[in-house]
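Numbering (full-length UniProt numbering), first residue to last: 1 to 258. Glycine residues also receive a C-beta, built at the ideal position from the N, C-alpha and C atoms. Small disclaimer: the values here were computed from a predicted structure and weren't measured. Reviewing the structure listed below.
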């Protein structure tokens, strides 16, 4: 294994494997657009750094993943919080008002399994979100680490599916659905891929090659998808058990959600 193989954008076979998984959802993502990172958080931080400068405004959800606020603080960016509904997600009317009022450079959102509220944006709302941000020239940094842990029949599409202007950086990882300790994530960065590689080279330098190679071997089999199906069943059962436990202690007017 040479030193060069450790450097950005990461293992070529792994990037091709990730591109093939995008293709399963009808998305044409080139391996050249994908940068392997040390978990999704590095992907998100590098994405943010690639499209902003200190002092820029960045939209976040209210409430949002705490790591987003820490990243903005570290990069000396200004957070602009937009109201987010527990079931429907971000308020697009409020978002547009924010875009009209402030020179926003980027928008950091979780579209599937939002942390901490847990909602998944509808396909229709994702399409409207992408169109709205593109109209104002705002980059979407899509935090999609929970996309494999869905409860319905089909995996929800990322907002990037509707992106036709290369304005969405889609960030995800294997940490939540496979092995947290591997710290292997990625960003499908489109035209920003080269800039992100440069930033990564100046910071973490590289991502663990043995972990990348192990994932290449695992993804080449059917075991990964079998594992995901089993994991989703287990999570659905635990969700139901947790809800039943809550019902035993909550007031009678609290009803089972759909």
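Distance between beta carbons of residue j and residue i, contact taken as under 8 Å
{"i": "residue 115", "j": "residue 84", "result": "No, residue 115 and residue 84 are not in contact; Cβ-Cβ is about 11 Å, not under 8 Å."}
{"i": "residue 40", "j": "residue 175", "result": "7 Å"}
{"i": "residue 59", "j": "residue 95", "result": "7 Å"}
{"i": "residue 23", "j": "residue 30", "result": "Not quite, the Cβ-Cβ distance comes to about 11 Å (not below 8 Å), so this is no contact."}
{"i": "residue 235", "j": "residue 49", "result": "About 33 Å separates the two Cβ atoms, so there is no contact after all."}
{"i": "residue 204", "j": "residue 71", "result": "Contact doesn't hold; Cβ gap of about 15 Å is too wide."}
For residue i, the first and last residue of its enclosing alpha helix (DSSP H)
{"i": "residue 115", "result": "Unbroken run through residue 115: none, as it is neither H nor E."}
{"i": "residue 73", "result": "66–74"}
{"i": "residue 209", "result": "209–219"}
{"i": "residue 202", "result": "193–202"}
{"i": "residue 243", "result": "223–247"}
{"i": "residue 297", "result": "Absent from the model: residue 297. The displayed extent of the chain is 1 to 258, so no value can be given."}
{"i": "residue 18", "result": "12–23"}
{"i": "residue 51", "result": "39–51"}
Best match in the options for proximity to residue i [C-alpha to C-alpha]
{"i": "residue 149", "options": "240, 194, 178", "result": "178"}
{"i": "residue 68", "options": "227, 105, 109, 95", "result": "109"}
{"i": "residue 262", "options": "232, 72, 247, 8", "result": "The chain is shown only over 1 to 258; residue 262 falls outside these bounds and no answer can be derived."}
{"i": "residue 172", "options": "188, 122, 243", "result": "188"}
{"i": "residue 9", "options": "185, 113, 129", "result": "185"}
{"i": "residue 43", "options": "197, 235, 211", "result": "197"}
{"i": "residue 127", "options": "112, 159, 207, 119", "result": "159"}
{"i": "residue 64", "options": "216, 163, 119, 229", "result": "119"}
{"i": "residue 195", "options": "21, 20, 32, 24", "result": "32"}
{"i": "residue 76", "options": "101, 53, 204", "result": "53"}
{"i": "residue 78", "options": "103, 92, 88", "result": "103"}
{"i": "residue 27", "options": "211, 142, 163, 113", "result": "163"}
{"i": "residue 7", "options": "25, 105, 202, 57", "result": "202"}
{"i": "residue 156", "options": "143, 111, 193, 142", "result": "111"}
{"i": "residue 57", "options": "142, 25, 105", "result": "105"}
Nearest-angstrom Cα separation, counted from residue j out to residue i
{"i": "residue 152", "j": "residue 239", "result": "13 Å"}
{"i": "residue 35", "j": "residue 181", "result": "19 Å"}
{"i": "residue 183", "j": "residue 12", "result": "17 Å"}
{"i": "residue 169", "j": "residue 243", "result": "35 Å"}
{"i": "residue 124", "j": "residue 55", "result": "33 Å"}
{"i": "residue 90", "j": "residue 230", "result": "31 Å"}
{"i": "residue 1", "j": "residue 218", "result": "Low local confidence applies: a pLDDT of 47 at residue 1 is under 50, so the model's placement there is unreliable, with the coordinate-based value given in what follows. Distance between the alpha carbons of residue 1 and residue 218 is about 19 Å."}
{"i": "residue 161", "j": "residue 107", "result": "17 Å"}
{"i": "residue 140", "j": "residue 132", "result": "10 Å"}
{"i": "residue 46", "j": "residue 251", "result": "45 Å"}
{"i": "residue 206", "j": "residue 74", "result": "21 Å"}
{"i": "residue 145", "j": "residue 113", "result": "8 Å"}
{"i": "residue 81", "j": "residue 134", "result": "19 Å"}
{"i": "residue 15", "j": "residue 220", "result": "12 Å"}
{"i": "residue 213", "j": "residue 223", "result": "16 Å"}
{"i": "residue 87", "j": "residue 66", "result": "19 Å"}
6 Å CB neighbourhood of residue i in its chain, flanking five on each side removed
{"i": "residue 166", "result": "190, 191"}
{"i": "residue 136", "result": "99"}
{"i": "residue 245", "result": "none"}
For residue i, the first and last residue of its enclosing beta strand (DSSP E)
{"i": "residue 62", "result": "57–62"}
{"i": "residue 83", "result": "78–85"}
{"i": "residue 142", "result": "139–143"}
{"i": "residue 179", "result": "Careful: residue 179 lies outside any beta strand (DSSP E) and carries neither H nor E."}
Contacting residues, own chain, Cβ-Cβ under 8 Å from residue i (five flanking each side not counted)
{"i": "residue 92", "result": "125, 128, 129, 132"}
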